[in-house]
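First comes the structure, then the notes that go with it.
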Amino acid sequence: MGKLIYNSSNRELEIEDRTLAHLRVAILNKLRRSESFAMTWEHGLENGSGRTTLWLHESIPLQFVFSGNRPPVLNRLWIELLLLQANSTAGLQYVPEPEETAEFED
């Protein structure tokens, strides 16, 4: 289980490493183009329900902490779906991983 740590907040979002790897590519893609956006993450019933929304901006520190030592093979279609979400008025939200035949290495 990895973590997304934003700014100097003591709140960390725990996210499964595979999902976090895909979010990392999508988020960094947006930020390197100086595109700010909102990201909303649901906590899940095991964490008391609720959700967190962050405003992601290139000037605010962001960390992706992975528990595993090997990066997963990335699903290009999933990254594209995450980027579509990030470009929407609702902002980036979790979408389940779609099946894809052509995967690529990070």
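Counting in full-length UniProt numbering, the sequence shown runs from 1 upward without gaps. Note that beta-carbon positions come from the ideal geometry of N, C-alpha and C, so glycine has one too. Quick caveat: nothing in here was measured; it's all calculated off a predicted structure.
Three-state secondary structure (DSSP) of residue i
i    : result
I60  : coil
R11  : coil
A102 : For A102, the pLDDT reaches just 49, beneath the cut-off of 50, and the residue's location in the model is therefore unreliable, leaving the point undetermined.
Span of the alpha helix (DSSP H), counted from its first residue to its last, around residue i
i   : result
A38 : Premise fails: A38 lies in the beta strand (DSSP E), F37 to E42, not in any alpha helix (DSSP H).
Sub-7 Å separation of residue i and residue j beta-carbons
i           : j   : result
residue 110 : L54 : In the structure displayed, the chain extends from 1 to 106; residue 110 sits before or after that span and is not available.
L31         : E58 : yes
F37         : A90 : no
Sequence-distant residues of its chain with Cβ nearer than 8 Å to residue i (five each side left out)
i    : result
W15  : A small fix is needed here, since residue 15 is Ile in this sequence, not Trp. So the qualifying residues of the chain are M1, G2, K3, L4, L23 and W41.
S67  : M1, G2 and D17
H100 : It should be pointed out that residue 100 corresponds to Glu in this sequence rather than to His. Closer than 8 Å at Cβ, skipping near neighbours: N75, R76, L77 and W78.
Neighbourhood of residue i by C-beta, 6 Å cutoff - its chain only, sequence neighbours within 5 removed
i    : result
A102 : No answer about A102 holds up, because its pLDDT of 49 lies below 50 and its placement is not dependable.
Close Cβ partners of residue i (< 7 Å) along its chain, the five nearest in sequence each way excluded
i   : result
S49 : H43
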